[in-house]
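First the structure, in the form of structure tokens, and then the observations on it.
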Amino acid sequence: MQFYYGYQMPLRILDEAEFWKHQEEEHTVVIRELVSGLEEEFVEALKKWETALSQTHQQVVRFIETVVRSGYYIPNQLYQHVLQLVSYCLQESLAFIQLCQQIKTNSVAVSNNPTAKVVLDHIIRESEYFTGIAQALLYSNQGQSQ
């Protein structure tokens, strides 16, 4: 993602969050469908994550609608709420990455499925891509506010 969007930056980062939260939500299904015999604890964790990621995705969509409706003027309070949401999305993605790493490391079903290992690595990399974007925005914003 490029960082020259100026006043549209909050909308741009929300677009990224909307896309990646939806991706992560879909990834919970991909993992469950791909790994036959996946341990019940991981199946249940993935189902809970699917719900949580869906809720976050919907929250991001609501913020996008709010930012779009605000036109070219984004009040500071709205911008701060966007940053808080991005921070939440970042933490959520980091926790989702941890779950994927736990599944890859601790699941017997995954250890017997080379394709699942590759897919989990891919899913982890994709979530890490989003965390990089979110961190760059949040850290650049911290520098501006000091």
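Under my numbering, the first residue of the sequence shown carries the number 1410, and numbering increases by one thereafter. For every residue, glycine included, the Cβ atom is placed at its ideal position computed from N, Cα and C.
What distance in whole Å lies between the Cβ atoms of residue 1439 and residue 1528, which are believed to be in contact at a cut-off of 8 Å?
Translated into the one-based positions of the sequence shown, residue 1528 becomes position 119. Translated into the one-based positions of the sequence shown, residue 1439 becomes position 30. Under the criterion of beta carbons closer than 8 Å, residue 1528 and residue 1439 qualify as touching, at roughly 7 Å.
Per the contact definition of three or more C-beta pairs closer than 8 Å, is the stretch 1423-1443 in contact with the stretch 1465-1485?
Because the criterion of three Cβ pairs below 8 Å is met, the stretch 1465-1485 and the stretch 1423-1443 touch.
How should residue 1436 be labelled, buried or exposed, when 16 other C-beta atoms within 10 angstroms of its C-beta is the threshold for buried?
Start at 1 with the first residue of the sequence shown, and residue 1436 comes out as number 27. That one is buried.
In chain order, each beta strand (DSSP E) run of at least 3 residues that lies wholly inside the stretch 1422-1494:
You should have found no qualifying run.
In three-state terms, what does DSSP make of residue 1516?
Taking the first residue of the sequence shown as position 1, residue 1516 is located at position 107. Coil.
Same chain, Cβ closer than 6 Å to residue 1476, five either side skipped, listed in chain order
Numbered from 1 along the sequence shown, position 67 holds the residue referred to as residue 1476. Closer than 6 Å at Cβ, skipping near neighbours: 1419, 1420.
Whether or not the stretch 1480-1498 and the stretch 1442-1461 are in contact is what I'm after, with contact meaning three or more pairs of Cβ atoms, one per stretch, closer than 8 Å; do they touch?
Taking 8 Å as the limit for Cβ pairs, the verdict is that the stretch 1480-1498 does not touch the stretch 1442-1461.
Using only CA atoms, which one of 1537, 1434, 1506, 1509 lies nearest to residue 1460?
As a position in the sequence shown, residue 1460 is number 51, starting the count at 1. The shortest Cα separation from residue 1460 among 1537, 1434, 1506, 1509 belongs to 1434.
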